[in-house]
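In the working numbering, the protein residues as written are 80 to 341. Data first, discussion second: the structure below is written as structure tokens.
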Amino acid sequence: MRQRVFSILLIAFLAGTYSVPAFGWGQKGHRIIAKVAYDNLSRKARKAVDKALGEKGAIYWANWPDEIKSDTIYPDSYDWHFQDFEGGLPDSTVADALIHYPAEGGNLFRALDSLIAVLKAGKGDMHTLRFVIHLSGDRYCPMHMAHLSDKGGNAVKMKWFREETRLHTVWDTHLIESQGYSYTEYAEKLELEYGWAKKYIDAQTDAELLLDTYHLTSDIYTYQATWDGNTYHYIYRWRTEMEEQLYIAGIRLAKLLNEIYK
Ligand SMILES: [Zn+2]
């Protein structure tokens with residue numbers, strides 16, 4: 080059974096012990112992630128990000144890579160946003176994808192690694208940084224690491240209240256929108272509720288967090304097969320996991336930018 084970092088940590092936290100085990104979103108999701116990240120930047124990183132992105136800043140530009148998908152400016156960037164897998168893979172195979180990028184299912188890991196390397200080398204431009212801010216968040220969207228066979232949940236039809244939609248869109252957008260917060264309200268709520276977990280999220284490796292997301296995706300598919308079709312039940316079942324992923328994505332983006340601009 081998948082072990083979720085937050086459930087483990089919450090139990091440890093409530094029990095007063097800290098010896099815990101090591102451990103693509105829509106527009107609003109990316110803004111929430113960018114806001115959490117920006118709030119957690121070092122002074123130096125914040126200055127560098129502000130300088131590179133100008134007056135509008137990180138939150139404004141967080142969705143730009145989605146907006147230019149159909150433009151010719153980065154013609155190959157469409158598949159930079161996801162890395163789909165077959166279901167039921169062993170952990171070692173999934174973790175290996177971070178090092179030896181899979182030949183099919185998207186190019187998220189490869190693209191992100193090369194863009195990060197460009198920034199770490201002191202090169203790149205504002206576009207490079209906008210991509211890193213965006214793609215770093217996509218890594219933690221369960222449906223951006225979904226099944227190859229159904230095009231990352233895009234072929235899984237479902238009803239959200241009375242609206243026909245797809246599993247992919249539910250996780251990109253509907254679940255977040257169901258809570259009715261603005262992006263600033265949502266970011267602040269997450270920081271209030273999950274701020275205690277920040278140091279544990281910082282201590283995780285990318286591979287551990289990747290596996291955690293892959294296991295979450297598997298659980299979402301398992302639930303889908305038995306779901307009674309009631310949207311309220313769906314929201315009640317997955318809201319917490321969705322919020323955890325957003326918060327983790329924000330903290331990891333901050334960590335990444337703090338490392339790049341140290
Ligand atoms: Zn994206």
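Beta carbons: idealized from backbone N, C-alpha and C, even for Gly.
Contact with chain C by residue i, beta-carbon distance below 7 Å
i: Y262; result: The structure shown contains no chain C, having only a single protein chain.
Reduced DSSP category for residue i - H, G, I as helix; E, B as strand; rest coil
i: K278; result: helix
i: F164; result: strand
i: A101; result: Any reading at A101 must be qualified, since the residue scores a pLDDT of 23, below 50, and its modelled position is unreliable; the value itself is stated next. Looking at A101 - three-state DSSP - the assignment turns out to be coil, as it is neither helix nor strand.
i: M321; result: helix
i: L93; result: At L93 the pLDDT is 42, less than 50, meaning the model places this residue with poor confidence; the figure from the coordinates comes in the next sentence. Helix at L93.
i: H179; result: coil
i: E338; result: helix
i: T151; result: coil
i: S121; result: coil
i: D251; result: helix
i: K130; result: helix
Heavy atom of ligand 1 within 6 Å of residue i beta-carbon
i: D204; result: no
i: D163; result: no
i: D145; result: yes
i: D150; result: no
i: H247; result: no
i: D251; result: no
i: D155; result: no
i: D217; result: yes
Host beta strand (DSSP E) of residue i (start-end)
i: E50; result: Any question about residue 50 goes unanswered here, given that the chain covers just 80 to 341.
Closest by C-alpha distance to residue i, when choosing among the options
i: I280; options: E323, T301, S193; result: E323
i: K238; options: W317, N309, K123, I111; result: N309
i: S257; options: T296, G216, I314; result: I314
i: Y153; options: L194, R125, G136, F164; result: L194
i: L335; options: Y311, H223, P181, D192; result: D192
i: V115; options: L271, Q283, A200; result: L271
i: C220; options: A200, I112, G136; result: I112
i: I147; options: D307, L177, A225, H206; result: H206
i: A286; options: H109, A174, G201; result: A174
i: L214; options: P144, S261, G231, A225; result: P144
i: I330; options: R218, Y180, A127; result: R218
i: I349; options: K230, V211, E243; result: One cannot answer for residue 349 here, as it falls past the ends of the chain, which runs 80 to 341.
i: I327; options: A304, T292, H312, N337; result: T292
i: N142; options: R110, A176, A124; result: R110
i: I138; options: G184, D150, Y262, L198; result: Y262
Delimiting residues of the alpha helix (DSSP H) encompassing residue i
i: K236; result: Not the alpha helix (DSSP H): K236 falls in the beta strand (DSSP E), residues 236-239.
i: K114; result: 106-118
i: A286; result: 285-305
i: M222; result: Looking at the DSSP string, M222 is not in any alpha helix (DSSP H), and its letter there is neither H nor E.
i: A137; result: 136-140
i: P144; result: 143-146
i: S193; result: 187-199
i: K268; result: 262-273
Proximity test, residue i beta-carbon vs ligand 2 heavy atom, cut-off 6 Å
i: H160; result: Within the structure as shown, ligand 2 is missing, the only ligands being ligand 1.
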